[in-house]
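For reference, the structure is listed below as structure tokens.
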Amino acid sequence: MVSYKDLGLVNTKEMFQKAFEGGYAIPAFNFNNMEQMQAIVQACVETSSPVILQVSSGARKYANQTLLRYMAQGAVEYAKELGKNIPIVLHLDHGDTFELCKSCVDMGFSSVMIDGSHHSYEENVALTKKVVEYAHAHGVTVEGELGVLAGVEDDVCAEHHTYTEPDQVEDFVKKTGVDSLAISIGTSHGANKFTPAQCTTNADGVLVPPALRFDILEEIEKRIPGFPIVLHGASSVPQDLVAVINNNGGAMKNAIGIPEEQLRKAAASAVCKINIDSDGRIAMTASIRKTFNENPAEFDPRKYLGPARDGLKDLYMHKVNNVLGSANKA
Ligand code: G3H
Ligand code: 13P
Ligand code: ZN
């Protein structure tokens with residue numbers, strides 16, 4: 000049993016309160032390897048931003064949970080070494096069972112998500128409440144979810160959005176005791192969030208996806224005033240990076256994300272945490288493809304992972320500075 004407090008990590012409580020009051024959102028970046036972790040820490044130290052390091056079930060399978068936890072502990076020390084003691088949360092992304100959440104609490108995670116959104120409302124309440132009781136006994140904060148995002152979430156695939164029902168949120172928060180709530184208002188996971196047919200074309204010939212359901216968000220805010228909201232599936236899928244991928248041998252088709260101005264608007268509201276994973280994958284892939292295309296003889300991983308890490312850092316700094324508004328809030 001290890002407490003996150005002994006690792007220099009923090010939970011989300013104070014972080015979200017400040018984000019809510021300050022009208023910004025905390026970046027929640029997924030990591031699976033050393034280069035991603037380095038890019039996140041470098042970017043957040045340089046911008047002086049608090050940060051949430053997210054570990055998904057897929058990341059646990061890929062990289063091993065123990066190793067990832069030690070990397071997060073290393074991130075705290077690395078940030079200090081870079082000259083800034085920024086607040087860092089280690090968060091389980093999309094936990095699906097009590098046992099998984101418990102194991103993360105026991106090994107030093109400071110925050111867990113229990114995603115019961117694919118269960119019935121009653122089962123979601125019961126599962127989330129059980130996780131909250133265990134996590135809170137150890138000072139760990141909990142994110143719950145109501146509503147289902149379209150697209151693939153781990154192994155579960157939903158064809159359509161089931162938007163969060165504002166009538167349920169107050170009851171859910173009261174019964175479960177969660178510290179934050181992920182909602183469904185039109186975002187989705189991955190790089191293909193909308194089909195071109197769902198978009199309109201503007202005067203410059205650029206595809207414009209349908210707007211997020213800010214009306215639902217406003218209703219939710221009325222029911223649970225001051226409560227931290229989380230947005231999953233919030234990558235913007237930068238078209239310049241998709242073009243780099245496709246111009247260097249890639250085949251990303253119809254990749255469309257959430258426009259950044261909509262995320263800026265969300266960050267200024269009760270949305271206190273914004274999850275970004277796909278954009279980081281795209282930034283790394285663009286850089287690696289370009290390196291290989293331009294230097295086909297290259298075989299030293301540092302020569303392609305190094306520039307990819309730099310590209311990732313630039314992307315994260317842009318998010319913090321221009322989208323989430325969390326710069327200088329550490
Ligand atoms: O919610 C999904 C995240 O992007 C994590 O994805 O399960 O492939 O690691 P993953
Ligand atoms: P994206 O696929 O839009 O980056 O969403 C990531 C996410 O929600 C992780 O939980
Ligand atoms: Zn997610």
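Okay, so the sequence shown: first residue is 0 according to numbering that gives the first Met the number 0, each after it adds one.
For each residue, glycine too, the CB sits at the ideal point set by N, CA and C.
How is Met106 classed by DSSP in three states: helix, strand or coil? Reduced to three states, the DSSP call for Met106 is coil.
Is Asp5 close to the ligand G3H? I mean its beta-carbon at under 7 Å from any heavy atom of the ligand. Between the ligand G3H and Asp5, a heavy atom-to-CB distance of less than 7 Å is absent.
Mapping DSSP to helix, strand and coil, what is Val139? Residue state, collapsed to three classes: coil.
Straight-line gap, Lys101 to Val130 (C-alpha atoms, nearest Å): So the two alpha carbons sit approximately 7 Å from each other.
Quick check: the segment 218-227 against the segment 160-171, are there 3 or more CB pairs under 8 Å? The segment 218-227 vs the segment 160-171: in contact.
Are the segment 258-274 and the segment 26-37 touching, with three or more C-beta to C-beta distances below 8 Å? Enough Cβ pairs lie closer than 8 Å, so yes.
For Glu144 versus Ser116, is the C-beta spacing smaller than 8 Å? Yes, they are a contact pair.
Can the beta-carbon of Val141 be found closer than 8 Å to that of Ala134? Yes, these two residues count as a Cβ contact at 8 Å.
Could you tell me the alpha carbon to alpha carbon distance between Leu311 and Gln35, rounded to whole angstroms? Answer to the nearest angstrom: the Cα atoms are 7 Å apart.
Just verifying my parser: in three-state terms, what is the DSSP assignment at Asn274? Asn274 carries a strand assignment under DSSP once its states are collapsed to helix, strand and coil.
Just checking, does the segment 319-327 make contact with the segment 301-308 on the three C-beta pairs under 8 Å criterion? Touching, no, given that fewer than three Cβ pairs across the two stretches are closer than 8 Å.
Pairwise C-alpha distance: Lys4 and Ser110: Near 12 Å, if we compare the C-alpha coordinates of Lys4 and Ser110.
Residues that DSSP places opposite Leu304 in a beta bridge: Leu304 pairs with nothing; no bridge assigned.
At a cut-off of 7 Å, is Gly185 close to the ligand ZN when judged by its beta-carbon and the heavy atoms of the ligand? Outside the cutoff, so no.
DSSP puts Ala27 in a beta bridge; with which residues? According to DSSP, which records beta bridges pairwise, Ala27 is partnered with Ile51, Asn274.
Would you kindly work out how many angstroms separate the C-alpha atoms of Phe193 and Ala254, rounded to a whole number? Taking the CA atoms as reference points, Phe193 sits about 8 Å from Ala254.
Would Cys43 pass as a contact of Val319 if the rule is Cβ separation under 8 Å? Judged by beta-carbon spacing, Val319 lies within the 8 Å limit of Cys43, meaning their Cβ atoms are closer than that value.
Going by the C-beta, is Asp276 closer than 7 Å to any heavy atom of the ligand HEM? Of the ligands one can find in the structure shown, namely the ligand G3H, the ligand 13P and the ligand ZN, none is the ligand HEM.
I want to know whether the segment 208-224 touches the segment 181-198 - three or more CB-CB distances under 8 Å. Touching, per the Cβ criterion.
Could you name the residues that DSSP lists as bridge partners for Glu34? Beta bridge pairing from DSSP links Glu34 with no other residue.
Beta-carbon spacing of Met106, Arg68 below 8 Å: When the beta-carbon positions are compared, Met106 and Arg68 come within less than 8 Å of each other.
Is it buried or exposed, Gly82, if we count other Cβ atoms within 10 angstroms and call 16 or more buried? With fewer than 16 Cβ atoms within 10 Å of its Cβ, Gly82 is classed as exposed.
Measuring alpha carbon to alpha carbon, tell me which residue in Gly279, His137, Ile287 is nearest Ser2. Residue His137 is the option with its Cα nearest to Ser2.
Less than 7 Å separating the Cβ of His331 from some heavy atom of the ligand ZN? The displayed coordinates of the chain run from 0 to 329. Any statement about residue 331 would go beyond what the structure contains.
What is the DSSP secondary structure of Gly150, reduced to helix, strand or coil? Annotated three-state conformation of Gly150 is strand, per DSSP.
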